[in-house]
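Whatever position you read off the sequence shown (first residue = 1), add 599 for the working numbering. For glycine and all other residues, C-beta sits at the position ideal for the given N, C-alpha and C. Fair warning: this is a prediction, and the values are worked out from it, not measured in the lab. Read through the structure below, which is laid out as structure tokens, and then see the notes.
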Amino acid sequence: MLSHNSCCHSRIVHPTIRALFIFRHASTACGLYPFPSHRNPTPHEIFHLPRGASQAQIKARYYELVRLYHPDSPHDRSLPHAERTSRFQSFQRAYETLKRPGRAGPATFDDLIHAEIARRRRTYRRYPDGMETRRRHLDEDTHAQSDAMAHDVGAIFRGICITSLCIGMLMAPLMTPGRSQHRSAAANLAQARQGAQEFGMERRRQIKQVVQEYQAERGEPLTKRTITRRRD
């Protein structure tokens, strides 16, 4: 009887102990990898990994964080379900960024603000003497960029001029025969028109001469009657 009760008790206690052990293990692990409390954490901060972490380390840490921070996980039930889901999505986005560092997603407005703040901090650290030194360096950089841009524009313009000149020199021999042929054809056409005009005048003169000879043979003078008959 005692043995039977012990077995029943062990069957009841063991699942409870197992769940308690899992919960404590999850709590301990989550304590090692807490979700960052500051805004817009980087993927490396979310994963608690250095920037030089390998893909194997990133993948292993992702599986561990998913197991701990899944919305259905027993860990940290005090948070609302929406907050747990949001954190889980943050882990997924961070993993997508870390496994493809060259294909990071588009930056948000907050990311741009943080990037601008970081850039200004680097600028102030670079010029510790004050804004005057920074302004002087910026003016020098601006003038240098303007000179470089003007030089580049001049080089591009010279390149375009040289290219156009070379193209014209190369196309000139090809266009000369065409122009010669056009001039020759125009001259031939003018000569043909002149020849046709001269031939027509000669033909009319011959016809007039034949008519005059015919009238002379018949003894008829060249009168208006002849002209009227020809018109009829």
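The C-alpha of His669 is placed about 14 Å away from the C-alpha of Arg692. In the three-state scheme derived from DSSP, where H, G and I count as helix and E and B as strand, Tyr632 is classed as coil. Approximately 21 Å separates the beta-carbon atoms of Leu678 and Arg660; this is outside 8 Å, ruling out the contact. When the five nearest sequence neighbours on each side are left out, no beta carbon in the same chain lies closer than 7 Å to the beta carbon of Gln805. Between Leu769 and Arg792, the alpha-carbon positions lie close to 37 Å from each other. In the DSSP annotation of this structure, the continuous segment of the alpha helix (DSSP H) that includes Arg683 starts and ends at 680-698.
DSSP, read as helix, strand or coil, puts Ser653 in coil. Put simply, the backbone Cα of Leu788 is about 18 Å away from that of Met800.
With contacts defined as CB atoms closer than 8 Å, Lys698 and Ile657 qualify as a contacting pair. Only exposed fits Pro633, as fewer than 16 other CB atoms lie within 10 angstroms of its CB.
Judged by DSSP secondary structure, Pro642 falls within the alpha helix (DSSP H) whose first and last residues are 642-646. Taking Tyr694 as the centre and dropping the five residues before and after it, the same chain places the C-beta of Tyr661 closer than 6 Å to its C-beta, in chain order. In the three-state reduction of the DSSP assignment, Asp671 falls in the coil class.
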